[in-house]
Amino acid sequence: EANAANELLEKELKGQKQNSSLIKCENEQLRQEIDDKKGSSRKERKRLQEDLSAANKRQGECEKQFDSLKREYRANKMDSMALKEQVETLRKRLISAEDKASHATSLETMLCEVKEEKERNEKRH
124 EANAANELLE KELKGQKQNS SLIKCENEQL RQEIDDKKGS SRKERKRLQE DLSAANKRQG
184 ECEKQFDSLK REYRANKMDS MALKEQVETL RKRLISAEDK ASHATSLETM LCEVKEEKER
244 NEKRH
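Residue numbers (this note's numbering): 124 to 248.
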């Protein structure tokens with residue numbers, strides 16, 4: 124389950140990274156347009172400046188989302204590693220318990236054999 128969540132987060136991270144790159148390109152194009160329009164009307168420069176501000180805001184939000192997803196991904200990765208360690212510990216404990224159970228069964232069998240031998244010896248006497 125943790126691995127599936129991490130795979131989804133990886134896809135989201137890639138999508139966010141691409142989205143962030145697109146927004147950065149858009150910002151750069153807007154900056155270039157502003158530079159190109161230096162001699163243009165104030166109204167047009169103001170509109171371009173507002174577009175750039177909005178694009179910068181979107182970029183900032185996108186980067187925040189990306190960072191948040193990255194943190195979540197790392198946390199899930201840590202949880203996944205901790206779960207793997209717990210599974211390994213439980214597996215070792217299970218093997219140990221199975222070994223002890225097997226040994227106890229062997230001892231029980233030996234005890235029964237000794238009792239049977241004792242009973243046979245008592246019947247002979």
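Ideal placement from N, C-alpha and C gives every residue a C-beta, glycine not left out.
Is H248 helix, strand or coil by DSSP?
coil
Quick one: grab the DSSP three-state call for S164.
coil
Quick check on I146: buried or exposed, where buried means 16 or more other Cβ atoms within 10 Å of its Cβ?
buried
Which whole-angstrom value describes the C-beta separation of E130 and L192, a residue pair presumed to lie in contact below a C-beta threshold of 8 Å?
Their Cβ separation, rounded to whole angstroms, is 13 Å, which puts E130 and L192 out of contact at 8 Å.
Check whether the region 170-178 and the region 147-157 are in contact - that is, three or more C-beta pairs closer than 8 Å.
yes
Exposure label - Q139; buried when at least 16 CB within 10 Å:
buried
Span separating the alpha-carbon of C185 from that of S144
10 Å
For N199, count neighbouring C-beta atoms within 10 Å of its own C-beta (all shown protein chains included) and say buried if the count is 16 or more, exposed if not.
buried
For the putative contact between E156 and Y196, defined by C-beta atoms under 8 Å, what is the C-beta separation to the nearest angstrom?
Not quite, the Cβ-Cβ distance comes to about 36 Å (not below 8 Å), so this is no contact.
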